[in-house]
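Peer 1: In terms of my numbering, the sequence shown is residues 20 to 204.
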Amino acid sequence: MTKSPAALLLITLVLALPCVTMAADMKKGGNSTPSSKGTVEAKLSKAAIFVGSEPNKSTAKKVWELSSDEKAIASLELSDTQHLFIDAAVLNSEGKPFAPQTASLILKLVDAKAEVPLGVSATRTIYFPAASKGTLSLQLAIGNKKLVHPIDGKYMLTLAIGDSRLARQIYTPLGHAEIKFATRL
20 MTKSPAALLL
30 ITLVLALPCV
40 TMAADMKKGG
50 NSTPSSKGTV
60 EAKLSKAAIF
70 VGSEPNKSTA
80 KKVWELSSDE
90 KAIASLELSD
100 TQHLFIDAAV
110 LNSEGKPFAP
120 QTASLILKLV
130 DAKAEVPLGV
140 SATRTIYFPA
150 ASKGTLSLQL
160 AIGNKKLVHP
170 IDGKYMLTLA
180 IGDSRLARQI
190 YTPLGHAEIK
200 FATRL
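1) Helix, strand or coil: how does DSSP classify I76 here?
2) Quick check on the DSSP output: the beta strand (DSSP E) that includes Q158 runs from which residue to which?
3) Run the CB neighbour count on L185, radius 10 Å, all protein chains shown included, and call it buried at 16 or more, exposed below.
4) Taking the C-alpha atoms as reference points, what is the distance between S94 and P74?
5) Can you say whether V129 is buried or exposed, counting buried as having 16 or more other CB atoms within 10 angstroms of its CB?
6) Assuming contact is defined by CB atoms lying nearer than 8 Å, are I105 and L63 in contact in what I supplied?
7) Within this structure, are the beta carbons of K65 and A118 separated by less than 8 Å?
8) Classify A133 as helix, strand or coil using the three-state DSSP reduction.
9) Measure from the alpha carbon of P116 to the alpha carbon of each residue in T154, E134, A196, then state which is nearest.
10) Let me know the secondary structure DSSP gives D182 once reduced to three states.
11) Here's a check: name, in chain order, each residue in its chain whose Cβ is nearer than 7 Å to the Cβ of V167, leaving out the five neighbours to either side.
12) By a C-beta neighbour count over all protein chains shown, 10 Å radius and 16 as the cutoff for buried, is A201 buried or exposed?
13) Classify S54 as helix, strand or coil using the three-state DSSP reduction.
14) Does DSSP classify R143 as helix, strand or coil?
15) Grab the span of the beta strand (DSSP E) containing L103 for me, first residue to last.
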């Protein structure tokens, strides 16, 4: 079955139109789909970091808590024998708990003590389990090589909270951590 050149041109234009519209919207600084921007205003209402030598938060020591005068931890020293616990809460503009669709801890190696092997990413994203009623809680074994590459150095810790209902995603730098590993890559 052959199609006329006019029919082929029409089919091509119909198929390409969504791509052109999306590219034009992105060029203007918009989202990939104009209707995907949410309207809910939300903020990180509390956050705390605990460090312990056991996989039990009740024995861990609180090393940092979000407050209005201190935005990020100055520096934290960790080893691969420790566990990092992060608790956070999100509230909407009405002060009610907001359960985001996704939250993650971003570990970015900013100052390596040794050369980073080729093919190894300097940034790791560790996802929080699903939030319940706006409360987020993450337990991370620093020595878990599936989640954290064993490269000694200074890491930037960032909390990223995303949801299609949010007008703006929440991206909060928590500070830096110096991490040392017994066995390296």
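The beta-carbon is built from N, C-alpha and C at its ideal position, and this holds for glycine as well.
Peer 2: By the coordinates alone:
1) This sequence places Lys at residue 76; Ile is not what is there. Reduced to three states, the DSSP call for K76 is helix.
2) 154–160
3) buried
4) 22 Å
5) exposed
6) Between I105 and L63, the gap from beta carbon to beta carbon reaches 8 Å or more.
7) no
8) coil
9) T154
10) coil
11) L126, R143, I161
12) Exposed, because fewer than 16 other Cβ atoms sit within 10 Å of the Cβ of A201.
13) Per-residue confidence for S54 stands at a pLDDT of 42, beneath the threshold of 50, marking its modelled position as unreliable; no derived number is given.
14) R143 carries a strand assignment under DSSP once its states are collapsed to helix, strand and coil.
15) 102–111
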